[in-house]
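Just below is one structure, and these are the notes that go with it.
Here you go:
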């Protein structure tokens with residue numbers, strides 16, 4: 001009888017700490033802050049944020065220990081104490097025990113944490129904190145083992161906080177602010193774009209190889225000055241032959257200074273600066289951090305074979321966050337898309353699929369092999385189509401409006417349902 005009471009106490013303790021563990025995994029900082037502020041105990045909010053990782057490990061340790069103890073006591077007790085029906089079948093006893101464990105250890109804590117995680121942590125934090133302090137020696141051993149496993153696997157030491165957790169938390173705050181009218185939708189989109197920088201690679205914002213403007217290394221200083229003026233850029237790659245052979249980056253300021261101080265007999269090679277090369281798998285936020293550290297505004301993107309695939313500027317990254325940035329010297333660029341009627345839209349073949357899907361509520365596959373709507377058409381046909389050819393994909397008809405021998409230029413998309421926001425007869429959108 002005593003063993004049964006102890007087993008039940010251990011099991012209920014395990015259920016409680018399973019609920020605490022789920023609450024520590026699923027709580028939202030914004031909600032926890034509200035709970036603490038409304039009860040005039042802001043200090044507890046800081047305590048939970050500081051020690052939540054250690055508390056989670058302690059809760060899991062207690063849960064596992066008490067669950068194991070309860071199961072051992074149940075299995076060691078006479079069958080009649082727990083299964084009074086006396087079926088006498090091992091499979092039935094095991095199935096019944098597994099079902100109870102699943103409901104009370106798995107489902108119940110998960111359900112509670114989804115609706116009341118912050119309240120569980122607030123009210124039971126003194127108990128959780130005290131037990132965490134008592135288990136510090138074991139938690140320290142667990143952290144050492146975790147660090148050792150990371151180093152054996154060739155990975156950096158484990159971070160105390162999860163990036164994914166911070167991302168989800170920020171997203172929840174943005175969504176809540178937009179719902180309550182405290183945050184404009186434009187500001188919310190900018191915050192979301194900033195968070196996406198850690199996931200997207202530089203291919204999403206780079207100028208592709210075919211659109212890179214370069215200057216040949218054998219040009220004179222005066223000819224380079226004219227080309228810089230025509231291009232309208234302050235920095236341009238200097239190449240020797242092909243785009244893959246980049247000598248360096250020519251700065252307009254360096255060129256003008258050389259022209260004003262010398263007799264023009266210097267070679268371009270003497271005034272170019274080294275280029276920053278990055279692989280195309282580099283994330284945008286990693287490139288931005290490197291640009292800040294090295295005080296550079298331009299980077300050359302390389303593929304796995306060392307060939308140049310594109311070019312990224314600091315302005316490209318900023319435009320990914322705030323939208324198109326134009327000054328008084330920029331000519332009006334052709335729009336990426338134009339809505340002709342509620343069912344027809346014309347798009348630039350270079351428009352990225354993620355933008356197209358988001359803008360028009362489409363579900364075109366966005367794969368690693370291609371990034372643009374033009375690349376999608378290539379992958380479907382297996383060749384470069386000619387002007388006037390038509391491709392049908394699900395409920396979408398794609399017609400080639402303009403193409404060269406090497407690439408697609410302009411496409412027309414016709415849907416069987418109206419495009420979102422197509423009430424006007426003609427509408428233009430985001431520039432390149």
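In UniProt numbering, the protein residues as written are 1 to 432. From the three backbone atoms N, C-alpha and C, an ideal C-beta is built for every residue, glycine too. Source: prediction; values computed, not measured.
Confirm, please, whether the CB-CB distance from residue 238 to residue 268 is below 7 Å.
yes
Residue of 42, 55, 70, 374 minimising C-alpha distance to residue 2:
70
Strictly by DSSP, which residues pair up with residue 236?
250
Please report the residue range of the beta strand (DSSP E) in which residue 279 lies.
Where residue 279 is concerned, the enclosing beta strand (DSSP E) stretches over 277–279.
Only counting runs of 3 or more residues, tell me where the beta strand (DSSP E) segments fall wholly within the segment 129–154, in order along the chain.
none
Spatial neighbours of residue 321 within its chain, please: C-beta separation below 8 Å, excluding the five flanking residues on both sides.
Around residue 321: 190, 193, 194, 197.
Span separating the alpha-carbon of residue 332 from that of residue 319:
Its pLDDT being 49, under 50, residue 332 is placed unreliably by the model, and the measurement read from it follows with that caveat. In a straight line, the C-alpha of residue 332 is about 16 Å away from that of residue 319.
Please go through the segment 275–321 and give each complete beta strand (DSSP E) segment of 3 or more residues, from N-terminal end onward.
277–279, 298–302, 308–313
Helix, strand or coil for residue 118 per DSSP?
Residue 118: helix per DSSP, three-state reduction.
Nearest to residue 244 (by Cα), restricted to the options 96, 382, 213, 129:
Among 96, 382, 213, 129, the Cα nearest to that of residue 244 is on 213.
Less than 7 Å between C-beta atoms, sequence neighbours within five positions excluded: which residues of the same chain meet that for residue 307?
244, listed in sequence order.
Residue from 104, 219, 401, 138 with nearest C-alpha to residue 385:
401
Please give me, in chain order, every unbroken run of the alpha helix (DSSP H) with length at least 4 that falls completely inside the segment 34–78.
42–76
For residue 412, write down the residues that DSSP places opposite it in a beta bridge.
346, 399
With a cut-off of 8 Å on the beta carbons, I'd call residue 49 and residue 29 a contact; round off their distance for me.
7 Å
Less than 7 Å between the beta carbons of residue 76 and residue 131, yes or no?
no
Between the segment 103–112 and the segment 30–39, can you find at least three pairs of beta-carbon atoms closer than 8 Å?
no
Please state whether the Cβ-Cβ distance between residue 311 and residue 349 is less than 7 Å.
no
For residue 403 and residue 414, which I take to be in contact (beta-carbon distance under 8 Å), what is that distance rounded to the nearest angstrom?
About 18 Å; that fails the 8 Å criterion.
Could you check what DSSP says for residue 243 in three-state terms: helix, strand or coil?
coil
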